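Read the structure below first, then the notes.
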Amino acid sequence: LAKTTQPISMDSYEGQEVNITCSHNNIATNDYITWYQQFPSQGPRFIIQGYKTKVTNEVASLFIPADRKSSTLSLPRVSLSDTAVYYCLVGDRGGGFKTIFGAGTRLFVKA
Amino acid sequence: DSGVTQTPKHLITATGQRVTLRCSPRSGDLSVYWYQQSLDQGLQFLIQYYNGEERAKGNILERFSAQQFPDLHSELNLSSLELGDSALYFCASSVDFGTSAQETQYFGPGTRLLVL
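Chains as they are written, first to last, in the numbering used here: chain A, 1 to 111; chain B, 1 to 116.
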């Protein structure tokens, strides 16, 4: 299983760009990197997924360097409603499938 | 709305009791996953089913069991409940074979269990 490491928490202000980095040194060749967002008392919600270089959707961008040992989730111009926990996941291609969410990063956006 | 439904939304019971949580996956999704999230804890993977068969097990207690029925809905059974079992229980579903975390999982709203 590829373990991930993220900052426990981050603070930001409305309108700023937020970058959350995730380390996954043991990522396997076929693994993808996926980010989820979770609001209090709600289930996680898929944000973005990538394999290499850069992926962008209407919500965020995901930057993955060539060695793929880390990835950065970029949230442009955050608002108060982006206050949530953000989880980085890396695929497990082992004999069984177990989703490891980790502790996530608590992002707090201030006015 | 993710399309995944869970019932009940809230459940209050006593220690030693048994409860059943129900999950209906999104239409067309074959895999169902169960997670436990205690207060201030991350999501703990419990178990996954694919098309009626158990696919993977996480740190699921022996007092807990699950199954997926032919219509693909799933139930999580929690027995001999303890205070520490109080948590949010989430169900998620995905469309594919469930062989890697690259699949997008769609989470339900959760069932909040309180054991007194």
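C-beta: ideal position from N, C-alpha, C; glycine also. Since this is a predicted model, take the numbers as computed values, not measurements.
Through-space distance from A28 (chain A) to A101 (chain B), alpha-carbon basis: Reliability fails at A101 (chain B), whose pLDDT of 48 lies under 50, so the model's placement of it is uncertain and the value that follows must be treated cautiously. Cα to Cα, A101 (chain B) sits roughly 12 Å from A28 (chain A).
When we look at the beta-carbon of P25 (chain B) and count the other beta-carbons within 10 Å, is it buried (16 or more) or exposed? Flag for P25 (chain B) reads buried.
Please identify, using Cβ separations under 9 Å, the residues of the segment 23–49 of chain A that lie next to chain B, in order along the chain. Flagged, chain order: N30, D31, Y32, I33, T34, Y36, Q38, S41, Q42, G43, P44, R45, F46, Q49.
Using the beta-carbon count (16 or more within 10 Å), is T105 (chain A) buried or exposed? By the neighbour-count criterion, in which a residue is buried when 16 or more other Cβ atoms sit within 10 angstroms of its Cβ, T105 (chain A) is buried.
Residues near L76 (chain B) by beta carbon distance below 6 Å, same chain, minus five either side: Within the same chain, Cβ atoms closer than 6 Å to the Cβ of L76 (chain B) are found at L21, W34, A66, the five residues on either side in sequence being excluded.
Using a beta-carbon distance below 8 Å, is S2 (chain B) in contact with chain A? For S2 (chain B), the nearest CB of chain A lies under 8 Å from its own CB, placing it at the interface with that chain.
L78 (chain B) versus V19 (chain B) - alpha carbon distance: Separation of L78 (chain B) and V19 (chain B) (C-alpha to C-alpha, rounded to the nearest whole angstrom) is 5 Å.
Let's test the definition: count the other Cβ atoms within 10 Å of the Cβ of E103 (chain B) and tell me whether it reaches 16, buried, or not, exposed. It counts as buried.
Which residues does DSSP pair with G50 (chain A) in a beta bridge? BP columns for G50 (chain A) point to A:I33.
Where does D85 (chain B) sit, in a helix, a strand or coil, going by DSSP? The answer is helix: DSSP assigns D85 (chain B) an H, G or I state.
Smallest Cα separation from E17 (chain A): which of A:A66, A:T72, A:V85? For E17 (chain A), the nearest C-alpha among the options comes from A:T72.
Cut-off 8 Å between Cβ atoms - residues of its own chain near L11 (chain B), not counting five sequence neighbours on either side: If we look at L11 (chain B) and ignore the five residues flanking it on each side, its Cβ neighbours are V19, L21, T111, R112, L113, L114.
Is S81 (chain A) helix, strand or coil by DSSP? S81 (chain A): helix per DSSP, three-state reduction.
With DSSP collapsed to three states, give me the class of L61 (chain B). Three-state DSSP puts L61 (chain B) in coil, outside helix and strand.
Spatial distance of D67 (chain A) from G50 (chain A) (CA atoms): Between the alpha carbons of D67 (chain A) and G50 (chain A) lies a distance of about 14 Å.
To the nearest angstrom, report how far apart Q17 (chain B) and Y89 (chain B) are at their CA atoms. The straight-line gap separating the alpha-carbon atoms of Q17 (chain B) and Y89 (chain B) is approximately 17 Å.
Same chain, Cβ closer than 7 Å to Q36 (chain B), neighbours up to 5 away in sequence not counted: Answer for Q36 (chain B): Q44, L46, A87, Y89, listed in chain order.
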